[in-house]
Amino acid sequence: MAGADPIQTARRLAATHPQAKLPCPVCVNAVKATNLDGHLAKVHPGATSAMSPWRGTDRRIVIWATAATLLGMAIAMIAIGSGSIRHGTGAAYALLAGFLAPLLVAVAGLASVWGGTLAIDGDVIVLRHSFGLGRRRIRLPCTIESGPLFVSRSTSVTATYDMNHPSKDVRVGSYLRLANGRRGITIASTGDSPFRETWNRAGWTAGKRRHWCDVKVRRDVLVAIEYELAARGMLVPR
Numbered sequence: 270m271a272g273a274d275p276i277q278t279a280r281r282l283a284a285t286h287p288q289a290k291l292p293c294p295v296c297v298n299a300v301k302a303t304n305l306d307g308h309l310a311k312v313h314p315g316a317t318s319a320m321s322p323w324r325g326t327d328r329r330i331v332i333w334a335t336a337a338t339l340l341g342m343a344i345a346m347i348a349i350g351s352g353s354i355r356h357g358t359g360a361a362y363a364l365l366a367g368f369l370a371p372l373l374v375a376v377a378g379l380a381s382v383w384g385g386t387l388a389i390d391g392d393v394i395v396l397r398h399s400f401g402l403g404r405r406r407i408r409l410p411c412t413i414e415s416g417p418l419f420v421s422r423s424t425s426v427t428a429t430y431d432m433n434h435p436s437k438d439v440r441v442g443s444y445l446r447l448a449n450g451r452r453g454i455t456i457a458s459t460g461d462s463p464f465r466e467t468w469n470r471a472g473w474t475a476g477k478r479r480h481w482c483d484v485k486v487r488r489d490v491l492v493a494i495e496y497e498l499a500a501r502g503m504l505v506p507r
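The opening position of the sequence shown corresponds to residue 270 in my numbering, with each subsequent residue numbered one higher.
#1: Express the C-alpha separation of R329 and D438 in angstroms, rounding to a whole number.
#2: Measure the alpha-carbon distance for L396 versus L491 and round it to whole angstroms.
#3: Tell me, please, whether the segment 270-286 touches the segment 299-316 by the rule of three or more beta-carbon pairs shorter than 8 Å.
#4: With distance defined between alpha-carbon atoms, name the residue in A289, R324 and A310 nearest to S494.
#5: Could you check the C-alpha separation between F464 and P435 for me, to the nearest Å?
#6: If you count every other CB in all the chains shown that lies within 10 Å of the CB of K477, and 16 or more means buried, which is it?
#7: Looking at the unbroken beta strand (DSSP E) that takes in R281, where does it start and where does it end?
#8: DSSP three-state call for G403: helix, strand or coil?
#9: Taking a contact to mean a Cβ-Cβ separation below 8 Å, would you say T474 touches E414 in this structure?
#10: Hey, could you find the ends of the beta strand (DSSP E) A457 is sitting in?
#11: Name the residue from G453, R452, S421 and R451 whose alpha carbon lies nearest to the alpha carbon of G442.
#12: What are the boundary residues of the beta strand (DSSP E) that H480 is part of?
#13: Could you tell me if K311 is buried or exposed, where buried requires 16 or more neighbouring beta carbons within 10 angstroms of its beta carbon?
#14: For a quick check, are the C-beta atoms of G272 and S318 less than 8 Å apart?
#15: Classify D392 as buried or exposed, calling it buried when 16 or more other Cβ atoms lie within 10 Å of its own Cβ.
#16: If we call anything under 8 Å between Cβ atoms a contact, is H313 one with V295?
#17: Looking at C482 and T455, is the spacing between their C-beta atoms short of 8 Å?
Below, the structure is given as structure tokens:
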């Protein structure tokens with residue numbers, strides 16, 4: 270089963286739920302169902318919506334790269350401490366480079382350099398991460414959690430030089446977490462989302478604030494995923 274077309278799904282839901290508000294599959298703004306066709310024709314003539322597979326920024330790679338860095342550091346410390354490898358030798362420098370490489374990958378991941386992909390594969394949503402080497406699969410239907418995405422930002426103008434400066438949480442977007450038991454995929458996007466005013470609470474739960482996600486996508490991609498869930502009966506308009 271291929272992913273649903275968000276525009277076609279939005280039009281179908283607008284016809285069957287004329288009292289509802291729906292997220293525009295192109296600009297993401299909440300639109301009255303009765304105005305959706307007119308909105309698409311006037312504001313987005315000829316527009317296409319984001320369909321599976323969806324590209325985003327891989328954040329899960331940071332976990333893998335950090336784990337590899339810590340493992341490499343532990344091996345290096347044991348090897349040098351036991352005398353197996355002498356400090357300052359070529360072998361020691363090679364070992365150092367071995368754990369610096371994943372460290373650089375982790376730093377680049379924090380800087381949103383690496384790409385990840387979400388795709389619908391039958392009744393499974395698949396996240397491909399860590400240069401395509403990692404797979405995380407969630408079978409549909411699943412539980413849906415929606416909540417706010419936060420980042421910690423410094424309140425000090427001297428943050429660059431002061432490691433003990435205070436910080437505060439700032440909301441920067443929202444996320445969807447799709448889960449089967451303890452296993453899940455957290456998909457985030459920056460900017461405002463009309464999720465709570467468009468989808469019936471019977472299909473999802475309100476989540477806690479999160480600072481982390483597995484993949485970050487554009488807002489229209491997050492809405493496309495919402496329409497994929499709606500096409501499968503997992504989300505229903507309010």
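Glycine included, every Cβ here is placed at the ideal spot set by N, Cα and C.
According to the structure data:
#1: Numbered from its first residue, the sequence shown carries residue 438 at position 169. Numbered from its first residue, the sequence shown carries residue 329 at position 60. Their Cα atoms are separated by approximately 21 Å.
#2: To locate residue 396, count along the sequence shown from 1; it is residue 127. To locate residue 491, count along the sequence shown from 1; it is residue 222. The straight-line gap from Cα to Cα measures roughly 14 Å.
#3: yes
#4: Position 225 of the sequence shown holds residue 494. Before going on, a small fix: residue 494 reads as Ile here, not Ser. Here the closest residue by C-alpha is R324.
#5: Here residue 464 refers to the residue found at position 195 when the sequence shown is read from its first residue. Here residue 435 refers to the residue found at position 166 when the sequence shown is read from its first residue. If I take the Cα positions, the gap works out to 32 Å.
#6: Here residue 477 refers to the residue found at position 208 when the sequence shown is read from its first residue. It counts as exposed.
#7: The sequence position of residue 281 within the sequence shown is 12, counting from 1. No beta strand (DSSP E) contains R281, which is instead part of the alpha helix (DSSP H) from P275 to T285.
#8: Start at 1 with the first residue of the sequence shown, and residue 403 comes out as number 134. Note: G403 maps to strand in three-state DSSP.
#9: Within the sequence shown, residue 474 is the residue found at index 205, counting from 1. Within the sequence shown, residue 414 is the residue found at index 145, counting from 1. Yes.
#10: Start at 1 with the first residue of the sequence shown, and residue 457 comes out as number 188. Segment R452 to T459, the beta strand (DSSP E) holding A457.
#11: Position 173 of the sequence shown, counted from the first residue, corresponds to residue 442. Considering only alpha carbons, the answer is S421.
#12: Working through the sequence shown from its first residue, we reach residue 480 at position 211. Element bounds for H480: n/a, residue is neither H nor E.
#13: Along the sequence shown, read from residue 1 onward, the residue named residue 311 stands at position 42. When all chains shown are included, K311 counts as exposed.
#14: Taking the first residue of the sequence shown as position 1, residue 272 is located at position 3. Taking the first residue of the sequence shown as position 1, residue 318 is located at position 49. Cβ distance not < 8 Å, so G272 and S318 don't count as in contact.
#15: Walking along the sequence shown from the start, residue 392 turns up at place 123. The residue in question, D392, is exposed, as its Cβ has fewer than 16 Cβ neighbours within 10 Å.
#16: Position 44 of the sequence shown, counting from 1, holds the residue named residue 313. Position 26 of the sequence shown, counting from 1, holds the residue named residue 295. Yes. Within cutoff.
#17: Counting from one through the sequence shown, the residue named residue 455 turns up at place 186. Counting from one through the sequence shown, the residue named residue 482 turns up at place 213. Yes, the Cβ-Cβ distance between T455 and C482 is below 8 Å.
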